[in-house]
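Asks:
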Amino acid sequence: MTHPGRNDTVITLDHVSGIIDDLRSTGEDPLVGIGGVVLRRKPMAIIARLCSDEVAPLRVASFLASLDIEWLAAHRRIRELTTGYVGLETLGTTPAWNALVDADEVTVREYSELMFISGLRAAAIGLPFLPSRGAAGSDLAADAGLRTVPCPYTGETLWAMPALRPDVTFLHAERADALGNVDAPSERDFLWDADATLARASKRVVVSVERIVPTAELRQPTLFAHEVTHVLEVPHGAAPSEVPGTYGADFAGLTAYQRAIAGGVEPLSALRDAFPEVFAR
Amino acid sequence: MSSATTNGGHGDVSPATRLCWELARQTRPDDVLIVGVGTPLAATAALLAREVLHPSLTVLFGTAVAPRRIDLAASILDSTAAPRAAIGNYTQVEVLDLVARGGVTLQYVSPIEVDALGNVNASRVRRKDGGWRRFPGSLAIADTAALVGRLVAYRVGHQRRFFPQRAAFVSGASAVERANRASVRAPGAGVTVAVTEGATVHLGERPQLVDYEGELATVVAEFGFAVDSTASRLREPVPAEVLAAIDVIDPLGVRNLEDKDHRSAVLARISNRGGAPR
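Going down the list, the sequences are from chains A and B. Letter by letter, the first sequence follows residues 6 to 286 in the numbering used here. Letter by letter, the second sequence follows residues 79 to 356 in the numbering used here.
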């Protein structure tokens with residue numbers, strides 16, 4: 006299928022690792038943003054490609070992480086994570102990630118939600134920080150080295166949340182056109198808008214979608230072509246996470262994964278057995 | 079103490095059921111109460127409070143505003159269940175703005191530890207080798223401890239490790255201790271009350287036991303800090319009409335997902351959509 010987009014807007018999964026290579030070739034140590042919310046809209050097909058042996062371990066920002074980070078951890082393709090949560094909610098744990106953490110093989114930067122989102126908003130509006138009262142007094146604020154600033158009008162002390170600016174962010178959505186206009190989720194679930202906040206803080210944005218459609222068929226774009234670097238069509242590209250309104254999370258696979266881990270199976274093998282379709286891409 | 083509670087001789091109820099009622103009792107008529115999406119026990123408690131205590135209570139289910147009847151079991155697997163049942167939905171930025179300007183007055187939180195002063199830890203504890211054992215993460219607790227009117231900490235399992243003298247790590251700061259918290263004029267009261275199936279305790283410089291279930295000495299011994307129990311009382315049974323309301327709100331017993339002894343059974347029930355014991 007050909008798409009009438011910008012020459013290089015539409016890419017394929019084969020181009021994914023090259024995006025990281027290109028950033029590293031310029032001397033950057035890129036910070037990679039990963040969208041999705043816990044078990045929803047995780048760009049798992051892209052993540053699987055980032056687990057290639059040719060991709061050196063990554064620095065990642067994923068606020069509500071789950072299988073994205075579990076996948077990278079099982080393949081030992083992550084060395085630093087800025088996050089507020091890594092888990093499967095009430096459905097279980099992330100043993101590969103937990104093992105890396107327990108072995109001190111990864112740097113964890115635990116942020117509160119306001120630290121993370123204020124950092125993204127600062128980046129999105131081109132400022133070095135945003136003032137906030139969030140996280141006050143916590144060890145999270147101390148660990149992150151947050152500093153305070155005085156309000157120039159009242160003298161009140163406020164935390165300065167530093168800008169959080171991923172070099173590239175990977176997202177998954179339902180539909181986009183070949184220009185890079187990306188539809189908002191058709192079913193508005195919990196934090197449906199979080200991906201747009203992450204995207205607008207990022208220098209480059211790559212979005213896998215279930216379908217690339219003509220522009221006229223878009224319903225309500227939430228990201229626009231001038232904000233999106235690449236799109237790629239990957240049906241079922243968020244599986245085994247959920248795309249609300251399109252397909253659910255793979256509850257059976259998640260249960261099988263937890264059962265295998267409880268039975269002593271090593272995480273990478275357990276992932277391979279529970280979610281063979283991701284490895285087959 | 080996480081198998082079943084006796085409900086004052088009126089038939090056993092699960093610890094999660096007892097907790098739902100005790101959490102509901104912490105609400106006030108005009109509260110704006112926010113509960114997390116992955117916390118079905120807190121969600122049941124919030125809906126219960128609105129149903130039997132305070133119809134004027136505003137419940138935010140994540141970003142979903144004042145949802146009507148929710149299928150809690152469906153919401154575990156379907157993230158659109160609560161938003162569909164809501165009057166409307168905030169965006170993430172909008173709900174954080176609401177929290178930041180003091181628009182949320184109550185939150186239930188389920189940390190790993192809560193100490194005498196109300197510092198909460200949802201992040202990590204020390205291992206025996208001196209390293210840290212990390213938990214999934216503290217989400218917005220650092221923010222809500224500083225900004226939400228008051229927080230109520232809860233946990234299934236009335237155990238000493240939940241109530242240390244000092245939290246090993248402060249994910250959310252107490253309002254009565256941390257100087258750098260006061261310097262930014264954070265308006266929230268932090269965690270002022272902790273609730274388990276065994277007891278309710280007011281936290282602060284002089285923690286006070288409010289009520290308890292079972293033997294007083296046994297309950298008090300599970301606190302890692304001194305607790306004044308002189309004004310405490312035995313808990314009343316959970317009223318029959320409350321149990322009936324819980325059965326309607328949470329017919330599959332999804333609230334028991336927050337009890338590790340019941341988790342796998344609940345997941346199986348969700349999968350099969352069968353009935354649930356009380």
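Yeah, the Cβ is synthetic: ideal placement off N, Cα and C, and Gly gets one too. Since we're looking at a predicted model, the values are computed, not measured.
Can you give me, in chain order, the residues of the region 165-180 of chain B that have a beta carbon less than 7 angstroms from any beta carbon in chain A?
Replies: For the region 165-180 of chain B, which is checked against every Cβ of chain A, the residues closer than 7 angstroms are Asn-167, Thr-169, Gln-170, Val-171, Leu-174, Ala-178.
Asks: Taking A:Thr-17 as the reference, which of A:Asp-255, A:Leu-223, A:Arg-216 has the closest Cα?
Replies: Of the listed residues, the one whose Cα sits closest to A:Thr-17 is A:Arg-216.
Asks: Look at the Cβ atom of A:Met-166, then the Cβ atom of A:Ser-137, and state whether they are nearer than 8 angstroms.
Replies: Going by C-beta atoms, A:Met-166 is nearer than 8 angstroms to A:Ser-137.
Asks: Examine chain B for any beta-carbon lying closer than 8 angstroms to the beta-carbon of A:Ser-137, and answer yes or no.
Replies: Judged by the 8 angstroms Cβ criterion, A:Ser-137 is in contact with chain B.
Asks: Check the DSSP bridge columns for A:Met-166 and list the partner residues they point to.
Replies: Answer is A:Leu-135, bridged to A:Met-166.
Asks: Could you tell me the distance, in whole angstroms, from the CA atom of A:Val-239 to the CA atom of A:Val-214?
Replies: Using only the alpha carbons, I get a separation of about 6 angstroms.
Asks: Show which residues of chain B have a CB atom less than 8 angstroms away from the CB atom of A:Val-91.
Replies: Going along chain B in sequence order, the residues near A:Val-91 (Cβ under 8 angstroms) are Pro-214, Gly-215.
Asks: Pull up the distance between the alpha-carbon of A:Arg-180 and that of B:Gln-237, whole angstroms please.
Replies: So the two alpha carbons sit approximately 49 angstroms from each other.
Asks: Say whether chain B places a C-beta atom closer than 8 angstroms to the C-beta of A:Pro-249.
Replies: For A:Pro-249, the answer is yes, since a Cβ of chain B falls inside 8 angstroms of its Cβ.
Asks: Tell me which residues share the same chain as B:Tyr-290 and place their Cβ nearer than 7 angstroms to its Cβ, disregarding the 5 neighbours each side in the sequence.
Replies: Once the five neighbours on either side are set aside, the close Cβ partners of B:Tyr-290 are Gly-276, Ala-277, Val-297, Ser-310, Leu-312, Arg-313.
Asks: State the DSSP-derived secondary structure class of A:Glu-282, mapped to helix, strand or coil.
Replies: Three-state result, A:Glu-282: helix.
Asks: Hey, does B:Arg-211 have any beta-carbon neighbour from chain A nearer than 8 angstroms?
Replies: Yes, because at least one Cβ of chain A sits closer than 8 angstroms to the Cβ of B:Arg-211.
Asks: Out of curiosity, what's the CA-to-CA distance linking B:Ala-194 and B:Ala-231?
Replies: Roughly 12 angstroms separates the two Cα atoms.
Asks: Can you find a C-beta in chain A that's less than 8 angstroms from the C-beta of B:Ser-80?
Replies: Model confidence at B:Ser-80 stands at a pLDDT of 49, short of 50, so the residue's coordinates are unreliable; what they give is reported in the following sentence. Closer than 8 angstroms: no.
Asks: Thinking C-alpha only, which one of B:Gly-331, B:Val-130, B:Ala-246, B:Leu-135 is nearest B:Asp-108?
Replies: That would be B:Leu-135, whose Cα lies nearest to the Cα of B:Asp-108.
Asks: Does the Cβ-Cβ distance between B:Ala-164 and B:Ala-142 come in under 8 angstroms?
Replies: Result yes, Cβ atoms of B:Ala-164 and B:Ala-142 sit closer than 8 angstroms.
Asks: Below 8 angstroms between beta carbons is the criterion; list the residues of the region 106-123 of chain B that meet it against any residue of chain A, in chain order.
Replies: Result list: Val-115, Gly-116, Pro-118.
Asks: Residues in its own chain within less than 6 angstroms of A:Ser-123 by CB, not counting five upstream and five downstream?
Replies: Cβ within range, chain order: Leu-135, Ser-137, Met-166.
Asks: Out of A:Gly-41, A:Trp-76, A:Ala-66, A:Pro-281, which has the shortest C-alpha to C-alpha gap to A:Ser-57?
Replies: Comparing Cα-Cα distances from A:Ser-57 to each of A:Gly-41, A:Trp-76, A:Ala-66, A:Pro-281, the minimum goes to A:Trp-76.
Asks: Kindly confirm or deny that the region 157-164 of chain A and the region 189-208 of chain A touch, where touching means at least three C-beta pairs closer than 8 angstroms.
Replies: With the cut-off at 8 angstroms, the region 157-164 of chain A and the region 189-208 of chain A do not touch.
Asks: When the Cα atoms are used, what is the spatial distance from B:Val-187 to A:Phe-195?
Replies: Cα to Cα, the separation comes out at about 18 angstroms.
Asks: List the whole-angstrom C-beta distance separating B:Thr-270 from B:Gly-331, where the pair is believed to meet the contact cut-off of C-beta under 8 angstroms.
Replies: With a Cβ gap of about 29 angstroms, B:Thr-270 and B:Gly-331 do not count as contacting.
Asks: Are the C-beta atoms of A:Ser-57 and some chain B residue less than 8 angstroms apart?
Replies: It does not; no Cβ of chain B falls within 8 angstroms.
Asks: What is the DSSP secondary structure of A:Trp-197, counted as helix, strand or coil?
Replies: Three-state result, A:Trp-197: coil.
Asks: Starting from the C-beta of A:Lys-208, find all residues in its chain whose C-beta is less than 6 angstroms away, skip the five residues before and the five after it, and write them out in chain order.
Replies: Counting only Cβ-Cβ distances below 6 angstroms, and skipping sequence neighbours, we find Asp-172.
Asks: Using only the alpha-carbon positions, how far apart do B:Ser-153 and B:Val-344 sit?
Replies: Rounded to whole angstroms, B:Ser-153 to B:Val-344 spans 14 angstroms at the Cα level.
Asks: Report, in whole angstroms, the separation of the C-beta atoms of B:Phe-240 and B:Glu-191, which I expect to be a contact under 8 angstroms.
Replies: Yes, B:Phe-240 and B:Glu-191 are in contact; Cβ-Cβ is about 6 angstroms, under 8 angstroms.
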